[in-house]
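Student: Residue numbers (full-length UniProt numbering): 1 to 687. No residue lacks a Cβ here, since even glycine has one placed at the ideal position from N, Cα and C.
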Amino acid sequence: MKTMFLYGLVATFALGAAGCGGETRSAPVAGTATVPARVQTQPTSSGKANAAVVVASADGQAHVVAAAALGGLQVFGMDGASQRSTPAAEAAGVDVGYGFSLNGKPTTILAAVESSGNNLRLFTMHGGTPVEAGARAIPLDFAVEGVCLYRSRLDNAFYAFVIGDGGEVDQQMIYANADGKLDARQVRRINLPSKLKQCTANSAGDVYINEQTVGVWHLNGNPEADLAATLVDAPRLGHLGEENEGVALYDGGEGSQWLLVSNTSEGRINVYDRAHDHAFLGSFSVSAGDKKNTVADLGPLFATSAALGSGFPHGVLLIGDEDGGSNYKLVSMADVASALKLPPGTPQDPRNAPKPAIATVTALVETRPVSSYGDAADDPAIWAHPTDPAKSLVVATDKKAGMVLYDMQGDLLQFLPDGKMNNTDLRDDFALGGKKITLVTASDRTHKSIAIYRLDGDARRLVNVADGVQPTGLDDPYGLCMYRSAKSHKTYVFINSGDGLMRQWELLDAGNGKVRTTQVREFKIPSQAEGCVADDIGGALFVGEEDVALWKMDAEPDGGSAMTAVDRVESNPAIKDDIEGMGIYDLGNGRGYVVVSSQGNDTYAVYRRDGDHAYLGSFAVVADGARGIDGISETDGLDVSSRNLGPGFEHGAMVAQDGRNVLPSQNQNYKYVPWESIAKALKLEMR
1 MKTMFLYGLV ATFALGAAGC GGETRSAPVA GTATVPARVQ TQPTSSGKAN AAVVVASADG
61 QAHVVAAAAL GGLQVFGMDG ASQRSTPAAE AAGVDVGYGF SLNGKPTTIL AAVESSGNNL
121 RLFTMHGGTP VEAGARAIPL DFAVEGVCLY RSRLDNAFYA FVIGDGGEVD QQMIYANADG
181 KLDARQVRRI NLPSKLKQCT ANSAGDVYIN EQTVGVWHLN GNPEADLAAT LVDAPRLGHL
241 GEENEGVALY DGGEGSQWLL VSNTSEGRIN VYDRAHDHAF LGSFSVSAGD KKNTVADLGP
301 LFATSAALGS GFPHGVLLIG DEDGGSNYKL VSMADVASAL KLPPGTPQDP RNAPKPAIAT
361 VTALVETRPV SSYGDAADDP AIWAHPTDPA KSLVVATDKK AGMVLYDMQG DLLQFLPDGK
421 MNNTDLRDDF ALGGKKITLV TASDRTHKSI AIYRLDGDAR RLVNVADGVQ PTGLDDPYGL
481 CMYRSAKSHK TYVFINSGDG LMRQWELLDA GNGKVRTTQV REFKIPSQAE GCVADDIGGA
541 LFVGEEDVAL WKMDAEPDGG SAMTAVDRVE SNPAIKDDIE GMGIYDLGNG RGYVVVSSQG
601 NDTYAVYRRD GDHAYLGSFA VVADGARGID GISETDGLDV SSRNLGPGFE HGAMVAQDGR
661 NVLPSQNQNY KYVPWESIAK ALKLEMR
C-alpha cells in the first residue's frame, strides 16, 4: 500500500509587482471605487453564508448554489430567490466543475465539504438541483474550511483541493468507479502554517489559497509538477489588510485575467493582473442595491466569466455577506471593469473543456517504491521470459542503495545492497562457461566500476558474476547502456560520466564463471549526457546530450566520434531539456521506434528507428484514479520491449522511473505502460 508523508513547502517570499510596487503597468492603478450589487439573494435558511458558486446549465439557465452550513446546499435563482435545498450535513464550502466524464457523458459536478464530519462529498447537478453522486463521504483527518476544483488541461482529470483550519491543503483526485459513482483518492498533502479560508483554481493548474492573516499563495496544482509556492500579496508588505478571506479567478481572455481577493478587514476587494506577475490593478467596495452603505464584512468569493444574460454580460462576481443579511451579493464583472477602468475582455464559457495538447496514456502497473528517500529510483531494464511471458521481470536501480528486481505485478523480488547503482541494462545469450546467460550490467558510483550480474530467470534472482571490481577510471560513472554486435556477436557496455566523457568496454568470459571487461573505445559528448540506448541490429548508439540534442553514433568499437543529430531541443518545441532515458521498440527487420523521455515537460518523444529517424509525436502518462496509479513525471530512465510480457502487456511495454510518486505521496517507483496504449494514442504499430 502507498503510505503518506507531508510535503514540505518550498516558498518564494517575493511579492513582485503585487507587494513591492514592481514595474509600472500601462493600466491605471485605481483607487477604491464602489460597485453596486445588481442582485442579492434571500437569506440562507441557516443564517450562515459560506462559499457559494454560480452553476451554468446546458439550457442557458444559471443558479447560485451555496454551502449554507446546516442548511446543506441551498439553491437560489439568479434573481436571488431561494428555490430548494439538498442535505449535505453542515456544508462549509462548495465548488463546481464542468465536463467530468461520467458514464460516457460530460457531467457538471459539485464538490462540497462538511464540517460536522470533516468529509468531502460529491454531487452532480440536475435541472438546478444538486444530487449526491458519491460512492461515499470521503473522510478527511482535519477540520475543513473550504474546497476548490481543478480540471487538468492535460487529460481533463479532476482534482479537489480541500483546505483546513490548521493550514492543511489536501489534494484529492476525483474519479468514477466501476459502478458509475464518484469517488476520490488522496494525491498529496501540503501544509501551510496557519488557518486557511478559501481557495480557487483554473485548468492551467494555478491554485490560489488565502491564508487568512498571512496572505495569498499561488501553488502549482499539477501533481506531476514541482510543488512551489509564491506569496502573491501579504498584509503590511503589499495591498492587503490584516484579515482576508475570499479568492476568485476571472478569465476574460487575453488581457483580462484577474485574481480577486476579499480584503475583509478593509472592506474592499483587490484585483490583480495574473498575466503580469500579479500586478495590483486596484480595489473596489460593494454596495447593496440602493443602500449607500457598502458591504463591511466581505466573505468568500466566486467569479465566472460566462455571459449570463443582460444583467451579467461578462459574468458575475458572487460575494458571501454573513453580517449584511446572511446572503450573497451578485456583482456584474462588467461593472467591476468599468469602475476600475479595465477592459472586461471576452466572455469565456467555463463549460468548454480545455483541449488536450498531447496524447495521454495510463500505467497498468506500478512497482513497490524503492527504499531510499528523495531522488532514488533511476533506470529499469525489461527481461522477457522466453517461454512464459507472465514470468518476465524488470531489473532496476535504487541509485542510493543497490539493485532491485520486480515481477510484472510490480512486486519486489530481490534487493541487493551493492552500492549506488545509477543505470542498468541487459542482454540475452552471453556465453559464460559454455552456457548462454542473461547478462546485466550497472554503473556503480560507489566503487566507480561496472557492476555485472547474471539474471537467473527461473530462480528470479540476480547473481553477481563480476571478476572482482571492474574499474571504469571515471570519477562518476553515470549513464549506461549495452550493445550486442550483429557483426561480431560480441557484447559491449557503454558508460558516460557527468562531463560527457564516454567509454566502451567489451564484456568477456574470465574463464572462472565470472565476467571481466576490457576498454575498447573512448569519445566525448560536448556536455552532460546520461541516457543512451544501442540498436543491436542497426549498429547504432543513441545518446542524449541532456540540454542539447539526441545524437546517433556508430556503436562498433571502431566507430569513432562522429555524431549525427536526430533531434535538437531548440528545434522541436515538443522536447524540453533534459533529454534523459531511452529505449527501442523492435518491430523486426531493423524497424521500430526509439522512445526518449523529455524530462522538462514530463513527456515521451517517439522517433522512427530506421530511415531518417523522423519524429512521430509525443505522449504523457497520466493518473488512473480508479486503479490508484498516478502519472509519470521527471523520468530519468526508461526501457521499452516489444516482447510479450504477460497479461496486459501482450504487445510489450514501456517501463519508466517516476520522479514524483503521488496518489498519495511516497518514495519514487517505476510504472509499467502497455505498448498497446501508446500505439493507439500515436497510431503506431505493435508487434
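Beta-carbon within less than 6 Å of residue 359's beta-carbon, same chain only, minus the 5 sequence neighbours each way: which residues are those?
Tutor: Result list for residue 359: 619, 681, 682, in chain order.
Student: Tell me the DSSP secondary structure of residue 601 in three-state form.
Tutor: Of the three classes helix, strand and coil, the one that applies to residue 601 here is helix, per DSSP.
Student: For the alpha helix (DSSP H) containing residue 338, list its first residue and its last residue.
Tutor: Taken as a continuous stretch (DSSP letters only), the alpha helix (DSSP H) holding residue 338 covers 333 to 339.
Student: Can you check the region 410 to 460 for any beta strand (DSSP E) of at least 3 residues that lies completely inside it and give the ranges in chain order?
Tutor: Complete beta strand (DSSP E) runs here, min 3: 412 to 416, 421 to 432, 435 to 444, 449 to 456.
Student: Compute the beta-carbon to beta-carbon distance between residue 231 and residue 281, rounded to the nearest angstrom, for a pair I have assumed lies under 8 Å.
Tutor: With 8 Å as the limit, residue 231 and residue 281 do not qualify as a contact, their Cβ atoms being about 18 Å apart.
Student: Going straight from the alpha carbon of residue 461 to that of residue 670, what length do you get?
Tutor: Roughly 19 Å between the two C-alpha positions.
Student: Going by DSSP, which residues form a beta bridge with residue 381?
Tutor: Residue 381 pairs with 395.
Student: Once DSSP output is grouped into helix, strand and coil, what is the label at residue 462?
Tutor: Residue 462 falls in the strand class under three-state DSSP.
Student: Check residue 209 in the structure and name its three-state DSSP category.
Tutor: Looking at residue 209 - three-state DSSP - the assignment turns out to be strand.
Student: Give me, in chain order, the residues of the same chain whose beta-carbon lies closer than 8 Å to that of residue 487; leave out the 5 immediate sequence neighbours on both sides.
Tutor: Result list for residue 487: 539, 556, in chain order.
Student: What residues in its chain sit with their C-beta under 6 Å from that of residue 614, if we drop five residues either side in the sequence?
Tutor: Taken in chain order, the residues that qualify are 608.
Student: Is the beta carbon of residue 161 less than 7 Å from the beta carbon of residue 199?
Tutor: It is a contact, given that the beta carbons lie within the stated cut-off.
Student: Is it buried or exposed for residue 519, if we count other Cβ within 10 angstroms and need 16 for buried?
Tutor: Looking at its Cβ environment, which holds fewer than 16 other Cβ atoms inside 10 Å, residue 519 is exposed.
Student: Excluding five sequence neighbours on each side, which residues of the same chain lie with their C-beta closer than 6 Å to the C-beta of residue 677?
Tutor: Here the set comprises 361.
Student: Beta strand (DSSP E) containing residue 522: first to last residue?
Tutor: That run of the beta strand (DSSP E) goes 515 to 524.
Student: Is the region 45 to 59 close to the region 84 to 97, with three or more CB pairs under 8 Å?
Tutor: The answer is yes - the region 84 to 97 touches the region 45 to 59, with three or more Cβ pairs under 8 Å.
Student: Is it right to say residue 561 is buried, meaning 16 or more other beta carbons lie within 10 angstroms of its own, or is it exposed?
Tutor: So residue 561 ends up on the exposed side.
Student: Have a look at 354, 355, 598, 515 and flag the residue whose alpha-carbon is nearest the alpha-carbon of residue 617.
Tutor: It is 598 whose Cα lies nearest to the Cα of residue 617.
Student: What are the partner residues of residue 582, as DSSP defines its beta bridges?
Tutor: The partner list for residue 582 (beta bridge, DSSP) reads 596.
Student: From 67, 302, 81, 277, pick the residue whose C-alpha is nearest to that of residue 262; which is it?
Tutor: The residue with the shortest Cα to Cα distance from residue 262 is 302.
Student: If you draw a straight line from the alpha carbon of residue 141 to that of residue 189, how long is it in whole angstroms?
Tutor: Approximately 11 Å between the Cα atoms of the pair.
Student: Going by CA-CA distance only, name the one from 483, 113, 548 that's closest to residue 541.
Tutor: Checked all of 483, 113, 548; the closest Cα to residue 541 is 483.
Student: Note the first and the last residue of the continuous alpha helix (DSSP H) segment covering residue 682.
Tutor: Start and end: 675 to 682.
Student: Can you give the Cα-Cα distance for residue 586 and residue 595, rounded to whole angstroms?
Tutor: Spanning the two alpha carbons is a distance of roughly 11 Å.
Student: Do residue 471 and residue 449 have their beta-carbon atoms positioned less than 7 Å apart in this structure?
Tutor: Going by C-beta atoms, residue 449 is nearer than 7 Å to residue 471.
Student: Return the CA-CA distance between residue 654 and residue 75, expressed in angstroms with no decimal places.
Tutor: Cα to Cα, the separation comes out at about 49 Å.
Student: With a CB to CB cut of under 8 Å and the five nearest residues on each side skipped, what residues in its chain are close to residue 417?
Tutor: Excluding residues within five positions, the ones whose Cβ falls inside 8 Å are 401, 402.
Student: Tell me the residue span of the beta strand (DSSP E) that contains residue 130.
Tutor: Per DSSP, residue 130 belongs to the beta strand (DSSP E) from 129 to 132.
Student: Figure out for me which residue from 611, 603, 575, 579 has the closest Cα to the Cα of residue 592.
Tutor: The option with the nearest alpha carbon to residue 592 is 611.
Student: Keeping to the same chain, check which residues put their C-beta closer than 7 Å to that of residue 266; ignore five residues upstream and five downstream.
Tutor: 241, listed in sequence order.
Student: Residue 134 to residue 95, Cα distance in whole Å?
Tutor: When rounded, the distance between both Cα atoms is 15 Å.
Student: If you follow the beta strand (DSSP E) that residue 319 is in, where does it begin and where does it stop?
Tutor: Per DSSP, residue 319 belongs to the beta strand (DSSP E) from 316 to 321.
Student: Among the residues of its own chain, which have a CB less than 6 Å from the CB of residue 389, if the five just before and after it don't count?
Tutor: Closer than 6 Å at Cβ, skipping near neighbours: 644, 645, 646.
Student: If I'm right that residue 351 touches residue 56 with Cβ under 8 Å, what's the distance once you round it to whole angstroms?
Tutor: The pair is a contact, with the Cβ atoms about 6 Å apart (cut-off 8 Å).
Student: What is the DSSP secondary structure of residue 266, reduced to helix, strand or coil?
Tutor: Residue 266 falls in the helix class under three-state DSSP.
Student: Under 8 Å by Cβ, that's how I've got residue 713 and residue 314 pegged, so tell me the actual separation to the nearest angstrom.
Tutor: Look at the range of the chain in this structure, 1 to 687, and you will see that residue 713 is not part of it.
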